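If you count by mature numbering (1 follows the signal peptide of the UniProt record, and there is no 0), then the sequence shown holds residues -24 to -1, 1 to 472, one letter each, in order. Encoded as structure tokens, the structure appears first; notes follow it.
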Amino acid sequence: MTRTRLPTVEAALIFLSVAQLCTALKCVCQLCANDTCETGADGACWNSVMLINGKEEAVKSCLSPAEMRGQVFCYSSRNVSKRHCCFTDFCNNETLHLHPGYVERPSEEAGWGRLELAAVILVPSTLLCVSILLGVCVVQGQPCAYNRAHKNDVEEPLDDQSLMSPDKCLKDLIYDMSTSGSGSGLPLLVQRTIARTIVLQETIGKGRFGEVWRGKWRGEDVAVKIFSSRDERSWFREAEIYQTIMLRHESILGFIAADNKDNGSWTQLWLVTEYHEHGSLFDYLNRYTVSVDGMIVLALSIASGLAHLHMEIIGTQGKPAIAHRDMKSKNILVKKNGTAVIADLGLAVKHDSSTNIIDIPSNHRVGTKRYMAPELLDDTINIGSFESFKRADIYSLGLVFWELARRCSIRGLQEDFQLPYYDMVPSDPSVEDMRKIVCDQKLRPNIPNQWQSCEALRVIGKLMRECWYANAAARLTALRVKKTVSQVTVLKDIKD
Ligand SMILES: Nc1ncnc2c1ncn2[C@@H]1O[C@H](COP(=O)(O)OP(=O)(O)OP(=O)(O)O)[C@@H](O)[C@H]1O
Ligand SMILES: [Mg+2]
């Protein structure tokens, strides 16, 4: 009788373990409320220790499925750091040490010990259980236990030592990032090491969520956005979006690292990105005019960046569609080579087309009022459809193009720099101020007559009108805008 019951009990045990592996986990998290965090489905608990200034520093937290895909997170590297991913509630509770004598056996392994023992005793029934396990995974459509077990087998693709060798410059690290297999960013401990060796130089700006500094890392400039602990959610969200798989693009601000530094009395949250000395497009257009070529190069890179954000790439190395939700000239930066990058992804939303889920609960009226699309101002936007958010971005893009085109200098003539609707609303307009102008009176920024006399300005003028239609569905897509702007370049090339 005992013999017949054993496999049943074991199967039940395995079933329960698998069920737990496929659902959310609770983990120890030093910087979270109640020292606890919760992973999404298919996440893991993370436990690590690294040597900082000769002292062992432990980090315990939750890992999201996206971070899990960046396999390097779960591996240790010789001497410098040790990290471990595990998959049962609070399994990251114990303290890891770098010295081999101190390494404790992770609880995940302890949890599976009974099963391993059972496997040794009852090989045939274990085989049966493996089939059940695979069956459960197939039924639930999750690559859970099987993948996780395999993660620990895969050879370490990059270790922290090779990533952090002293001769590495930012360019090398960014190259490592894009070839490390995860396509999503540097391992967390490498990010932390970079952030902690940056020397801040001067403040360069201040936004809604903290201050931006210029810093030096190994002699190179970097930008550091410092959030207060009050704005932790914004910091986390922006870091999370920047580390979306395959987001990296020449027209999206280059993310380098995120770090949370506890100095005993408060927590400083850092977001480190590439530094662009011209600052924002807003700063740049205030200071300089642009040539026709300069305008086209800027417009093309902005449209390319937005088209990349909006585009969903399907496949294991794919990316979700992303809507920015705060497109404006202050959130676009100008590079030395005259192209632009899109920055400030803290309000962005991601879309999973297979489930049709938008990744955060929608507080739809976010962003900057002056740039809000009519359907946001009068609250008629269909927040159930992800397309709506992309269309709202396109409206804002039209306004950015208007700011840009005004500064295009032809035969020494150009307009002064102005924000959209500068002549129709007060300097810090309310939603109501904007709604009256944009929805009720259906007004849009003025397109000067002289733009008709220059082919490039005529095309850009037509484009912006097609971006700011009241009917969101009639607006151009980012890809269409990009193609049309690139044709202006071709037309120009032919004329030259
Ligand atoms: N990577 C960077 N390189 C150079 N300058 C930057 C960088 N990031 C930000 N800045 C400068 O810092 C300023 C503040 O940026 P931040 O994103 O915090 O606020 P904002 O865009 O001005 O306002 P908001 O909070 O509404 O987004 C920018 O306007 C820009 O001038
Ligand atoms: Mg900003």
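C-beta atoms are modelled at their ideal positions from N, C-alpha and C, and glycine is treated no differently. None of these values were measured; they are calculated from a predicted model.
In the same chain as His284, and ignoring 5 residues on each side of it, the C-beta atoms closer than 7 Å to its own belong to His225, Ser227, Ile228, in chain order.
A contact between stretches requires three or more CB pairs, one per stretch, nearer than 8 Å, and the stretch 239 to 253 fails this requirement with the stretch 361 to 373. Pairwise C-beta distances place the stretch 229 to 248 out of contact with the stretch 410 to 417, as fewer than three of them are shorter than 8 Å. Apart from sequence neighbours up to five positions away, the residues of its chain that approach Leu455 with a beta-carbon distance below 6 Å are Ala283, ordered along the chain. Within the stretch 171 to 206, the beta strand (DSSP E) runs of at least 3 residues that lie entirely inside it are, in chain order, 175 to 183, 186 to 193, 196 to 203.
In this chain, Lys144 is not harboured by any beta strand (DSSP E), its DSSP state being neither H nor E. In this structure, the alpha-carbon of Gln167 lies about 19 Å from that of Gly322. Three or more Cβ pairs closer than 8 Å define a contact, and the stretch 387 to 394 falls short of that threshold against the stretch 438 to 454. Within the same chain, Ala233, Asp235, Trp246, Val248 come within 7 Å of Ala171 by CB-CB distance, once the 5 residues on both sides are set aside. Residue pairing by DSSP places Val266 opposite Cys384 in a beta bridge. Distance from the CA atom of Asp354 to the CA atom of Thr64, rounded to whole angstroms, is 47 Å. Within the same chain, Leu261, Tyr264, Thr265, Val266, Met271, Gln390, Glu391, Phe393 come within 8 Å of Arg383 by CB-CB distance, once the 5 residues on both sides are set aside.
At the C-beta level, Ser204 and Ser256 stay beyond 8 Å of one another. Collapsing the DSSP output to three states places His60 in a strand. Rounded to whole angstroms, Glu214 and Leu72 show a C-alpha spacing of 29 Å.
Segment contact: the stretch 297 to 317 against the stretch 398 to 407, fewer than three CB-CB distances shorter than 8 Å; contact not assigned. Residues Ala279, Ser280, Ala283 of the same chain have their beta carbon placed closer than 6 Å to that of Lys458, with the five preceding and five following residues left out of the count. Ile174 and Cys61 have their alpha carbons spaced roughly 28 Å apart.
Here the alpha carbon of Arg301 sits roughly 29 Å from the alpha carbon of Ser37.
Spanning the alpha carbons of Gly294 and Met287 requires a straight line of approximately 10 Å. In terms of side-chain proximity, the C-beta atom of Leu309 is found nearer than 7 Å to a non-hydrogen atom of ligand 1. Using a 10 angstroms sphere on the CB of Gln426, the tally of other CB atoms stays under 16, which defines it as exposed.
Contact annotation: Pro350 and Lys326 have beta-carbon atoms that are not nearer than 8 Å.
In this structure, DSSP gives Leu245 an extended state, which the three-state scheme calls strand. Leu229 has its Cβ nearer than 7 Å to a heavy atom of ligand 1. If you ignore the 5 residues before and after Val188, its C-beta comes within less than 8 Å of the C-beta of Thr179, Ile180, Gly181, Lys182, Ala199, Val200, Lys201, Ile202, all in its own chain and listed in chain order.
A residue is called buried when at least 16 other Cβ atoms come within 10 angstroms of its Cβ; Arg451 meets this threshold and is buried.
Per DSSP, reduced to three states, the secondary structure at Ser462 is helical. Taking the C-beta atoms as reference points, Leu276 is found no nearer than 8 Å to Phe377. Less than 8 Å separates the beta-carbon of Ala324 from that of Ile217.
DSSP lists Leu309 as the bridge partner or partners of Ser256.
If one requires a minimum length of 3 residues, the beta strand (DSSP E) runs lying completely within the stretch 270 to 331 are 297 to 299, 308 to 310, 316 to 318, 325 to 328, in chain order.
Ala316 and Gly186 have their C-alpha atoms roughly 23 Å apart. The criterion of a C-beta distance shorter than 8 Å is satisfied by Tyr347 and Leu375. In the structure shown, Ser403 falls within a coil segment according to DSSP collapsed to helix, strand and coil.
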